[in-house]
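What follows is the structure in structure tokens.
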């Protein structure tokens with residue numbers, strides 16, 4: 001299987017180079033048949049990458065530890081979900097996953113635009129193919145995920161790093177990668193526009209939606225990363241200005257800038273070089289981010305492998321990228337001249353321009369500060385480092401300026417705002433900001449940065465509310481309906497504008513969360529059983545320490561009782577887990593009590609088994625949940641703005657829109673569920689007494705404990721496998737299981753017993769391999785079959801087109817003319 | 001057109017100078033020197049009172065905690081040179097005998113190193129390659 005995977009990668013590389021070469025040749029010779037063939041080859045790459053994915057997924061599910069990568073990041077004890085997500089759990093696999101996503105995205109982009117942007121498509125295919133070739137090349141010569149052991153095959157894998165066995169961590173990389181990969185499409189279109197010289201605004205229309213979608217996924221990836229850091233790493237915060245985090249943030253800044261300045265180009269045909277630059281920079285930063293974190297150029301305390309070979313490859317690629325793309329921009333400079341000039345600084349385009357500068361400055365600043373240790377060592381010889389406080393000091397005012405611009409931008413008119421207009425627009429929002437500030441001051445809030453931030457949030461909410469209300473009132477009068485219907489009509493009529501406004505509301509909510517950190521309380525204490533510790537209006541009592549063991553790990557759990565203003569509001573159970581294969585790296589299971597206004601966050605940092613003393617880090621994080629909630633609103637707004645006009649595009653965009661709705665519902669549900677009781681907030685809900693030491697006697701019993709799930713139905717357990725669950729019912733079931741095994745029942749008989757007992761297969765961790773359940777096992781094979789069908793389809797298409805060249809070209813000519821006319825008309829309508 | 005270019009240039013220049021100046025001035029207080037133990041102890045007087053990050057290995061059996069408290073003393077060694085460090089707070093799990101650590105804080109004239117709050121960072125003994133994503137910086141951040 002491993003060699004099949006490797007040959008697939010080789011084939012993908014060859015096909016990629018064919019696609020690039022043939023497309024360029026076809027475009028230059030104006031030979032549509034060559035281009036068609038190149039596009040076919042481009043689709044074929046996707047099919048091949050899906051096949052490679054199927055092969056490696058198969059290896060993970062069946063536990064083929066002769067493949068080194070599978071051995072490194074997976075083992076047999078891992079739940080199926082983490083076995084599959086281990087695909088992107090290491091460097092080699094994540095590069096392959098990246099190429100797969102890029103081929104899927106590229107295919108979608110080419111497929112949807114192949115008629116409308118006929119002249120650009122060959123070069124789009126060529127550019128994306130070259131990017132794919134680079135990553136395929138890296139895999140083939142240096143980081144082959146299908147490399148096998150030359151000598152002995154290990155019996156079991158080494159297991160995925162426990163820190164990564166977390167739901168958010170499993171879905172965080174894919175969404176970040178989709179964001180990164182999505183940025184390749186705008187870049188490819190920009191390059192195609194530059195090469196062909198069709199630098200009018202039509203390429204922008206092709207990429208605007210792609211950029212928005214990629215931006216949404218990038219934001220989602222960043223947010224998931226924050227949640228993971230907050231819930232799993234246990235230092236009380238969510239953003240540490242770590243090089244790896246910064247690498248993902250850099251393209252987000254430039255992409256955000258592009259989404260704003262693109263409006264200026266559409267409206268006023270200005271900033272055309274600037275937009276080109278932003279697209280190139282965004283793509284460059286996605287590659288640079290990968291380079292920075294993977295090659296060891298930026299040293300960080302946690303081990304990033306030094307990898308000189310990889311560093312050299314990336315450097316060569318990045319230099320070529322910069323020379324080629326900026327060379328093209330300079331070459332086409334005469335065509336890119338702006339058609340209008342800035343008329344006044346009190347205009348919306350000026351506000352966008354300032355916003356762009358600030359965002360670009362943020363990107364440059366973060367890049368500079370992240371690279372500073374490396375730079376200072378290169379220049380002065382002494383290694384100087386800058387810590388998170390330095391980042392915070394700079395990014396706080398920058399963030400506040402951006403927040404202010406968020407409010408100001410939509411209030412200004414295009415071209416020029418008159419002074420009466422300014423008064424009309426700004427009176428209410430400014431009053432709201434002042435009222436918020438004064439109100440907070442009167443209530444006794446004294447952290448000034450946070451205070452200013454709250455006031456600015458009031459200002460932005462004021463501007464947005466004003467826009468919505470004024471628009472709705474006008475529409476109500478015009479259409480004669482009630483206010484709410486008018487509001488819905490207003491939003492659906494101008495989705496991009498009001499979607500953008502909703503995104504701004506989301507940003508405001510996130511800023512509320514950030515500002516809340518100004519009021520964070522933090523203490524580190526050593527407690528003995530019975531001791532209490534006061535923090536804020538909480539009083540925390542440490543009851544006892546307990547030890548539990550299951551098949552995968554040993555768990556040390558501290559039991560705390562929380563009193564809020566003297567009232568017992570439930571228990572928290574921070575814990576440390578020692579996975580047997582990673583004893584030296586215990587994971588921190590934070591005890592968090594989520595409420596709308598603040599989180600109580602307790603980490604068990606150390607303990608003495610002898611006298612049961614524990615050292616704790618106790619943090620109160622005000623308003624932190626508003627960050628996650630703000631993201632849900634942001635996703636909703638982006639989804640709304642993405643909703644397109646035509647039916648086909650509608651179908652394409654339901655995915656992000658659906659995600660947004662679902663995530664809002666989920667978040668809202670999570671918030672309401674968790675606020676009244678701490679039980680749901682605790683991921684594990686460790687309950688009851690449990691000095692239980694019920695060690696499995698036989699391999700059969702261990703296997704059974706993994707094959708069955710806890711059925712007690714409490715939200716804390718959430719159907720954990722029996723080996724992991726620590727509630728009382730699971731303990732009882734384990735006892736029962738011991739009895740059954742002692743009676744001499746076989747594995748199948750025991751499983752039957754539980755299926756009969758619960759009346760369904762719900763109690764089984766993995767469905768029995770029969771009937772409908774085969775589907776789950778069939779997944780990799782289905783994937784392979786899809787790949788095969790796609791491959792065959794591509795081949796059939798490819799060969800068939802040879803027979804009807806005249807017809808195609810004739811139609812193409814007519815189509816192109818018609819399309820050009822249609823485009824012109826649509827442009828005038830805009 | 002030239003007048004516009006001049007205006008643009010001046011604006012850019014002023015902005016760059018202002019931001020660069022600000023960056024420089026804040027950098028002075030934000031930056032820390034990143035040294036190895038032997039580099040610092042070669043000439044300790046030069047480093048008194050400066051913000052340092054010192055890289056080394058925890059000396060076997062040198063870690064002591066005052067009972068009933070979170071006060072630690074320990075020694076960090078590199079290439080034969082040793083620093084005595086004092087710290088109050090929570091230490092990461094990977095802070096063990098012989099583990100590779102980076103401590104941030106200040107050196108005082110008596111040869112002791114006072115570690116800043118959350119200033120103990122221990123390198124993971126992980127066999128793993130680069131973490132796939134967001135960093136697992138337990139102590140450095142806050």
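Chains as they are written, first to last, in my numbering: chain A, 1 to 830; chain B, 1 to 142. Just so you know, even glycine gets a beta-carbon here, dropped at the ideal spot from N, CA and C.
Same chain, Cβ closer than 7 Å to residue i, neighbours up to 5 away in sequence not counted
i	result
residue 553 of chain A	577, 578, 579, 580
residue 139 of chain B	Its pLDDT being 29, under 50, residue 139 of chain B is placed unreliably in this model, and the coordinates cannot settle the point.
residue 509 of chain A	626, 629, 630, 633
Closest Cα partner of residue i within the set the options
i	options	result
residue 82 of chain B	B:38, B:119, B:5, B:61	B:38
residue 434 of chain A	A:172, A:451, A:420	A:451
residue 262 of chain A	A:202, A:308, A:744, A:535	A:202
residue 557 of chain A	A:705, A:606, A:537, A:140	A:606
residue 287 of chain A	A:95, A:565, A:509, A:8	A:95
residue 523 of chain A	A:747, A:621, A:216	A:621
residue 4 of chain A	A:39, A:573, A:148	A:148
residue 35 of chain B	B:50, B:69, B:21	B:50
residue 243 of chain A	A:191, A:289, A:107, A:20	A:289
residue 532 of chain A	A:630, A:9, A:561	A:561
residue 337 of chain A	A:49, A:748, A:273	A:273
residue 537 of chain A	A:568, A:573, A:631	A:568
residue 318 of chain A	A:283, A:399, A:742, A:13	A:283
residue 30 of chain A	A:119, A:146, A:384	A:119
residue 572 of chain A	A:619, A:101, A:559, A:500	A:559
Cβ of residue i within 8 Å of any chain B Cβ
i	result
residue 571 of chain A	no
residue 152 of chain A	no
residue 272 of chain A	no
residue 606 of chain A	yes
residue 387 of chain A	yes
residue 393 of chain A	yes
residue 383 of chain A	yes
residue 361 of chain A	yes
residue 390 of chain A	yes
residue 432 of chain A	no
Identity of the residues DSSP links to residue i by a beta bridge
i	result
residue 548 of chain A	A:555
residue 64 of chain B	B:73
residue 8 of chain A	In DSSP, residue 8 of chain A forms no bridge with anything.
residue 831 of chain A	Since the displayed chain A opens at 1 and closes at 830, residue 831 of chain A lies outside it and no answer follows.
residue 577 of chain A	A:555, A:587
residue 383 of chain A	B:34
residue 121 of chain B	B:102
residue 84 of chain B	B:75, B:112
residue 524 of chain A	A:617
residue 563 of chain A	A:539, A:568
residue 55 of chain B	B:36, B:102
Close-in-space but distant-in-sequence residues of the same chain around residue i (CB under 6 Å, 5 per side omitted)
i	result
residue 15 of chain B	none
residue 458 of chain A	432, 433, 436
residue 5 of chain B	none
residue 833 of chain A	Residue 833 of chain A lies beyond the range of chain A shown here (1 to 830); nothing can be said about it.
Residues of its chain near residue i, where Cβ-Cβ distance is below 8 Å and the 5 sequence neighbours each way are ignored
i	result
residue 84 of chain A	57, 60, 61
residue 608 of chain A	614
Below-8 Å beta-carbon distance, residue i vs any chain D residue
i	result
residue 75 of chain B	Among the chains of the structure shown, chain D does not appear; the protein chains present are A and B.
Residue i Cβ short of 7 Å to the ligand ZN heavy atom set
i	result
residue 66 of chain A	No copy of the ligand ZN occurs in the structure displayed, which carries no ligand at all.
Any C-beta of chain A under 8 Å from that of residue i
i	result
residue 93 of chain B	yes
residue 90 of chain B	yes
residue 26 of chain B	yes
residue 31 of chain B	yes
residue 106 of chain B	no
Task: contact_flag[the stretch 30 to 38 of chain A, the stretch 50 to 57 of chain A] where n(CB pairs < 8 Å) is 3 or more - done: no
- [ ] Take every Cβ of the stretch 194 to 208 of chain A, pair it with every Cβ of the stretch 220 to 237 of chain A, and state whether three or more of those distances are shorter than 8 Å.
- [x] no
TODO: Pair every Cβ in the stretch 276 to 287 of chain A with every Cβ in the stretch 249 to 264 of chain A, then say whether three or more of these pairs are closer than 8 Å.
DONE: yes
Task: Validate contact between the stretch 402 to 410 of chain A and the stretch 494 to 509 of chain A using beta carbons, cut 8 Å, 3 pairs - done: yes
TODO: Examine the Cβ distances between the stretch 627 to 641 of chain A and the stretch 490 to 500 of chain A and report whether three or more of them are shorter than 8 Å.
DONE: yes
TODO: Answer yes if the stretch 470 to 486 of chain A comes into contact with the stretch 595 to 602 of chain A, meaning at least three C-beta pairs across the two stretches below 8 Å, and no otherwise.
DONE: no
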